[in-house]
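Residue numbers (our numbering), protein chains in the order written: chain H, 11 to 170; chain D, 340 to 622.
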Amino acid sequence: MRLKFRLNGRPVEVEVPPGRRLLDLLREDLGLIGTKEGCGEGECGACTVLVDGKPRLSCLTLALQVEGKDVLTVEGLAQGGKLHPLQEALVETAGVQCGFCTPGFLMAAYALLLENPNPTREEVRAWLSGNLCRCTGYEQIVDAVLLAARRLREEKGAES
Amino acid sequence: MRLRPIPAVKPRSLEEALRYLEEGGRPLAGGTDLLVAIRKGQEKPELLVYVGELPELRILREGPEGLEIGAALTHAELLVHPATERFPILRAVLRTIGSPAIRAMGTLGGNLVTASPAGDSLVALSLLEARVRLVGPRGERELPIPEFLVGPRKTALERGELVRSVFLPYPEGHPRSFFRKVGRRRALIIAVASLGALVWVRDGRVERARLALGSVAPTVLRPRDVEEALVGRPLAPEAWEDLVPVLSAATQPISDLRATAEYRRKVAGRLLLALAEALQAGP
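Right, dumping it as structure tokens:
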């Protein structure tokens with residue numbers, strides 16, 4: 011099928027089998043290899059992307075399911091060469107070790123902050139419960155999300 | 340391991356979707372069960388028919404008798420929609436399903452068609468005595484949950500039929516809601532056992548109770564004898580002790596990699612006391 015959708019803010023048109031996984035479309039056809047395949051069965055969250063602002067597992071999403079949608083991947087977070095506050099915070103708190111789970115955590119955390127800009131520690135933990143990390147032990151990741159949330163709120167407060 | 344692309348279509352209307360289903364296509368909504376089963380080789384559909392965005396399956400209609408929920412509405416959508424406020428048990432259950440991403444993908448209709456013995460939402464639908472509305476080549480029909488769920492991963496759906504919506508009658512009065520699921524990880528757990536309940540309380544005693552157990556029988560289980568035996572009892576675990584073995588005996592669990600049948604039977608019984616404790620603690 012001729013698939014049209016928006017990817018990281020830009021319109022994309024691509025010829026793809028409608029039953030191809032979004033994960034394969036992103037990584038192999040469009041070269042966006044930030045999104046990772048962990049379990050391939052919806053248990054680990056490594057392939058999380060946003061579709062119309064909601065978290066989705068790209069390993070369990072077919073190409074035809076994003077027709078006309080707005081897809082955001084980890085490649086779309088940094089703006090103008092500057093890391094997103096969530097990415098900066100992960101660097102600062104050492105919430106990254108091997109890095110494989112990081113894009114999925116970033117996208118899940120991004121979705122959380124869209125819905126709830128001021129989450130409690132417990133809310134962050136609950137929200138990220140669908141993402142597995144086998145290196146850092148989660149504490150630094152949760153710290154990073156809370157730090158980024160505070161900075162984003164301050165940024166917003168400074169603007170208004 | 341890569342998944343070979345499966346032939347898939349996105350019909351533009353319900354009629355078009357039904358034609359594909361009659362030719363042997365399998366409906367796809369959120370994909371959280373079906374695509375996993377395909378990957379594992381448990382399902383080999385020839386054609387996937389994406390019904391997740393058909394307007395007819397995305398309705399949410401509040402009527403005088405109850406709420407009609409389109410089969411393709413996601414758990415996340417239902418959790419925030421004001422229309423589900425009248426069904427706290429549904430929200431309590433949906434909040435525990437999967438992870439945020441799974442809840443943003445998975446649908447109520449999909450849960451029904453998957454018909455997992457561990458399907459959490461099926462516990463809520465059973466308690467609410469929901470009716471499943473089907474559409475197919477020979478028109479529409481409506482089935483109560485026990486007639487729709489005929490066995491583990493087996494439904495009454497006939498070839499070419501599609502779950503269109505679920506009808507939830509408003510419960511009378513204001514029953515107390517309870518849902519507790521026991522498993523090995525909070526997120527994404529497949530329950531070892533779960534108990535949901537709607538309990539109507541009057542003057543500190545059970546006036547009427549509906550119980551539904553998940554993961555301890557081929558399909559969701561309503562232990563009618565225990566429901567009846569609870570009538571008139573005070574809200575105190577010690578007054579319910581004698582019903583623990585009755586509830587355990589009503590279950591028909593299996594042993595699998597998550598738990599043994601014996602453990603499931605015990606947990607189910609203990610969940611009854613957890614319900615009594617929750618009722619005693621107050622709303």
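All residues carry an ideal CB built from backbone N, CA and C; glycine is no exception.
Open item on the list: Any beta carbon from chain D within less than 8 Å of ALA118(H)'s own beta carbon?
Closed with: yes
Task: Meets three-Cβ-pair contact criterion under 8 Å: the segment 86-98 of chain H and the segment 466-478 of chain D - done: no
Task: Same chain, Cβ closer than 7 Å to ALA617(D), neighbours up to 5 away in sequence not counted - done: PHE517
Open item on the list: Quick check: is the beta carbon of GLY41(H) nearer than 8 Å to any beta carbon in chain D?
Closed with: no
TODO: Just mark ILE43(H) as buried or exposed, buried being the case when its beta carbon has 16 or more other beta carbons within 10 Å.
DONE: exposed
- [ ] For the alpha helix (DSSP H) containing GLY449(D), list its first residue and its last residue.
- [x] 447-453
TODO: Give the straight-line distance between the Cα atoms of LEU482(D) and ARG135(H), rounded to the nearest whole angstrom.
DONE: 40 Å
TODO: Name the two residues that bound the continuous beta strand (DSSP E) containing PHE506(D).
DONE: 501-508
- [ ] Per DSSP, which residues does SER594(D) bridge with? Please list them.
- [x] According to DSSP, which records beta bridges pairwise, SER594(D) is partnered with nothing at all.
Open item on the list: Residues of chain H with CB closer than 8 Å to the CB of ILE441(D), please, in chain order.
Closed with: GLY52, LEU67, GLY140
- [ ] Identify the continuous alpha helix (DSSP H) that holds ARG135(H) and give its terminal residues.
- [x] 131-137
- [ ] Decide if the segment 97-106 of chain H is in contact with the segment 33-52 of chain H; the criterion is three or more beta carbon pairs, one per stretch, under 8 Å apart.
- [x] no
Task: Cutoff 6 Å; reference PHE487(D); Cβ partners in own chain excluding five residues on either side - done: VAL471, THR494, ALA495
Open item on the list: Just verifying my parser: in three-state terms, what is the DSSP assignment at PRO562(D)?
Closed with: coil
- [ ] Kindly say whether LYS349(D), judged by its beta-carbon, lies nearer than 8 Å to any beta-carbon of chain H.
- [x] yes
TODO: Check distances from the C-beta atoms of the segment 99-115 of chain H to those of chain D and list, in chain order, the residues that come in under 8 Å.
DONE: none
TODO: Examine chain H for any beta-carbon lying closer than 8 Å to the beta-carbon of TYR359(D), and answer yes or no.
DONE: no
- [ ] For CYS143(H), count neighbouring C-beta atoms within 10 Å of its own C-beta (all shown protein chains included) and say buried if the count is 16 or more, exposed if not.
- [x] buried
Task: Cutoff 8 Å: LEU374(D) Cβ touching any chain H Cβ - done: yes
Open item on the list: Which complete beta strand (DSSP E) runs does the segment 469-503 of chain D hold, if anything under 3 residues is left out?
Closed with: 470-475, 478-483, 488-490
- [ ] Kindly indicate which residue of GLY19(H), PHE15(H), ASP153(H), GLU169(H) has the alpha-carbon position closest to the one of VAL84(H).
- [x] GLY19(H)
Open item on the list: Is the beta carbon of VAL419(D) closer than 8 Å to that of GLY553(D)?
Closed with: no
Task: Residue from ARG434(D), PRO584(D), LEU501(D), SER465(D) whose Cα sits closest to the Cα of LEU560(D) - done: SER465(D)
Task: Enclosing alpha helix (DSSP H) for GLU165(H) [first to last residue] - done: 149-169
Task: Buried versus exposed call for GLU500(D) [16 or more other C-beta atoms within 10 Å across all chains shown] - done: buried
Open item on the list: Using the Cβ count rule (16 or more neighbours within 10 Å means buried), how would you classify ALA530(D)?
Closed with: buried
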